[in-house]
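Participant: Quick note on full-length UniProt numbering: the sequence shown kicks off at 1 and runs consecutively.
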Amino acid sequence: MEVFYLYLSLFLSIFLLITKFLLHQTKNYPPKPPSLPIIGHLRLLKPPLHQTLQSLSQKYGPIFSLRVGRQSFLVLSSPSAVEDCFTKNDILFANRPRSTAGDLMSYDHTSIMTAPYGHLWRSLRRLTTVEIFSQISLNKSSSAREEVVRSLVRQVIKGPEKADLIYAFGVLVFNMTTRMACGKDYIEDEIFATDLGRQRLKEAKETLSPLAILNLCDYFPVLRLFGFRDLEKRLIRLQRKRDEFISSLIDEFRQNRVAPFNFKKGKTLVETLLSIQESEPEFYSDNVIKSIIQIMFVGGTDTSASTMEWTMSLLLSHPEELQKLRRQIDDQVGHDRLLKDSDLPMLPYLRCIISEALRLYPVAPLLIPHFSSQDCTIKGYHIPRGTTLMVNAWAIHRDPNVWDEPTKFKPERFEVTVVDRQKEGFKYLPFGVGRRACPGSPLAIRAVSLVIGTLVHCFNWERVGEEPVDTSLGSGASFSKSKPLEAVWTPRPVMSRLLSQL
1 MEVFYLYLSL
11 FLSIFLLITK
21 FLLHQTKNYP
31 PKPPSLPIIG
41 HLRLLKPPLH
51 QTLQSLSQKY
61 GPIFSLRVGR
71 QSFLVLSSPS
81 AVEDCFTKND
91 ILFANRPRST
101 AGDLMSYDHT
111 SIMTAPYGHL
121 WRSLRRLTTV
131 EIFSQISLNK
141 SSSAREEVVR
151 SLVRQVIKGP
161 EKADLIYAFG
171 VLVFNMTTRM
181 ACGKDYIEDE
191 IFATDLGRQR
201 LKEAKETLSP
211 LAILNLCDYF
221 PVLRLFGFRD
231 LEKRLIRLQR
241 KRDEFISSLI
251 DEFRQNRVAP
261 FNFKKGKTLV
271 ETLLSIQESE
281 PEFYSDNVIK
291 SIIQIMFVGG
301 TDTSASTMEW
311 TMSLLLSHPE
321 ELQKLRRQID
331 DQVGHDRLLK
341 DSDLPMLPYL
351 RCIISEALRL
361 YPVAPLLIPH
371 FSSQDCTIKG
381 YHIPRGTTLM
391 VNAWAIHRDP
401 NVWDEPTKFK
411 PERFEVTVVD
421 RQKEGFKYLP
431 FGVGRRACPG
441 SPLAIRAVSL
451 VIGTLVHCFN
461 WERVGEEPVD
471 TSLGSGASFS
481 KSKPLEAVWT
491 PRPVMSRLLS
501 QL
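#1: Hey, quick one: how far does the alpha helix (DSSP H) through A357 stretch, first residue to last?
#2: Y186 and N175 - do their beta-carbons sit closer together than 8 Å?
#3: May I ask you to list the residues that DSSP assigns as paired with S141?
#4: Nearest to V433 by alpha carbon, out of N95, F64, T52, L49?
#5: Span of the alpha helix (DSSP H) holding L56?
#6: Could you tell me which residues DSSP puts in a beta bridge with E462?
#7: Apart from the five residues just before and just after G197, which ones in its own chain have a Cβ nearer than 6 Å to its Cβ?
#8: If we require 4 or more residues per run, which alpha helix (DSSP H) segments fall completely within the region 243-298?
#9: Which first and last residues belong to the alpha helix (DSSP H) in which I166 is found?
#10: Along the chain, where does the beta strand (DSSP E) containing C217 start, and where does it finish?
#11: I'd like to know if the region 301-316 and the region 124-137 are in contact, where contact means that at least 3 CB-CB pairs between them fall below 8 Å.
#12: Specify whether the region 442-455 and the region 306-326 touch according to this definition: at least 3 beta carbon pairs, one from each stretch, less than 8 Å apart.
#13: Using the beta-carbon count (16 or more within 10 Å), is F431 buried or exposed?
#14: So, is D84 buried or exposed, given that buried needs 16 or more other C-beta atoms within 10 angstroms?
#15: Pull up the DSSP beta-bridge partners for G40, would you.
#16: List the endpoints of the continuous alpha helix (DSSP H) containing H382.
#17: Can you check DSSP and say which residues form a bridge with S111?
#18: Is it buried or exposed for W489, if we count other Cβ within 10 angstroms and need 16 for buried?
#19: Can you list, in chain order, the residues of its chain whose CB lies under 6 Å from that of P484, leaving out five sequence neighbours each side?
#20: Run the CB neighbour count on S151, radius 10 Å, all protein chains shown included, and call it buried at 16 or more, exposed below.
#21: What do you get for H119, buried or exposed, if any count of 16 or more other CB atoms within 10 angstroms of its CB means buried?
#22: Below 7 Å CB to CB, which residues in the same chain sit around F220 once its five sequence neighbours on both sides are set aside?
#23: I need the straight-line Cα distance from V75 to P160, nearest angstrom please.
#24: Taking 8 Å as the cut-off, does the region 131-139 touch the region 94-112 (at least 3 CB pairs, one atom from each stretch)?
#25: Any idea which residues DSSP pairs I63 with across the strands?
#26: Decide if the region 399-406 is in contact with the region 334-352; the criterion is three or more beta carbon pairs, one per stretch, under 8 Å apart.
#27: If you run the structure through DSSP and keep just helix, strand and coil, what is H370?
#28: Whole alpha helix (DSSP H) runs in the region 414-457 with 4 or more residues, listed along the chain?
#29: Rank P48, S65, D286, G40 by C-alpha distance to the C-alpha of D108 and give the top, closest one.
#30: What is the rounded straight-line gap between the Cα of K427 and the Cα of K88?
#31: Under 8 Å between the Cβ atoms of E320 and I353?
#32: Rounded to whole angstroms, what is the Cα-Cα separation between V156 and L104?
#33: Three or more beta-carbon pairs under 8 Å between the region 284-300 and the region 269-276, yes or no?
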């Protein structure tokens, strides 16, 4: 009898394997490179990953699949494939893949970046859109950004002729964020040019810079059992530092509070969030509030500074475009005051330059991964539930079938009407796509435009030496340059009187 059951179980196992194989054969799956047992395609994934995937797409097509450990990936490198995902199947791809970093660093997945698609995420999205990134909210916070930019101009004037722009941009974006969050600078003018200022910025970036969304432990869970590279311990320590930083901003406000909050009169993000918490304490817990403030720093500091650096690098390499921008600013603003946030709509060429910089150097070249909650079909291919979706914005932005002279800096390509821009479809994706696209894009565009416009308006800029500006890519999640940008500045004669009064 035992032998009978043994043969029966063996027969059933073989039957199920054959059935699964035949069902797999009847479905049309995306093409994929040859893989190895267990590790799958891991050996192919060499840095920089966006360029590696671009090369693979040239061989296997704009839609192909990969497998790393237990996880399957779908890689898209064409606007039509992206459109198919985020029009017909947007809700199916509205989740993010679970990860070790997300589990340990998102306040129990109450962050808008990692929260599962559902009521919590929709509430967080609505809150951030209305209270932080809406036109009304951005207009209210414009004075904070203008004050920080004015401070940057003063520091440039007081500093050496060879400006360390990446440090200046780093200080600026952290000060902008803390001004909006709690009404104060993170690095005051008095310590800007000191070692203490540089040390504070270094510590802030180490604590609040974005991390890779996924890591090897997410593909090979057995590694977590062996404490692979002490990953979990390091993430826990990092999150503890982040929490201490954010909690200090909230606690300082609570300690200085002398009267009940007034929701309509709230001036800072912390005040607004605590006002909302008083009206709905069960939903807007301390963790929810801290997750919102955390994403402001993690998602908006390094990325904005990197975009400023790439934009200035491109302008230094293209002096004709820089002069064209300066003429437009002079015509609209004059020489008796600094550029204001309210001037930006009158400077369309500035917006074109920022858009072109983001096309060539998107801060998230592979966007943030999505995750399929159900089986679906993309361009005729069967995509199983539980597939991680990666959109190669870098490849799409540099596709010669999509863009004319894709590797050339041509801001004029964005001089189009609103109708023309709508026709662009899914070929321009610097802030993501679909319902989980970055809600902070309006703030990022305003901040970068104000900084770049002000620097061009106030100073003449030249490269350091005769060598072209280095445009090689660095590592890290924020897509920075490998060599920090330095530039030589001189005050513009027509702006001397104004600059002397700052």
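The C-beta atom is built at its ideal place from N, Cα and C for all residues, glycine as well. In this text the structure is predicted, and so the values were computed from the model without any measurement.
Facilitator: Walking through what the data contain:
#1: 348-360
#2: yes
#3: Bridge partners of S141: none, in fact.
#4: N95
#5: 49-60
#6: V488
#7: I187, I191
#8: 269-279
#9: 165-182
#10: Unbroken run through C217 is the alpha helix (DSSP H), 216-219; no beta strand (DSSP E).
#11: no
#12: yes
#13: buried
#14: buried
#15: L36
#16: Careful: H382 lies outside any alpha helix (DSSP H), inside the beta strand (DSSP E) at 381-383.
#17: Looking at the DSSP assignment, S111 forms no beta bridge with any residue, so it has no partner.
#18: buried
#19: I166
#20: buried
#21: exposed
#22: G69
#23: 46 Å
#24: no
#25: L76
#26: no
#27: strand
#28: 418-423
#29: D286
#30: 17 Å
#31: no
#32: 40 Å
#33: yes
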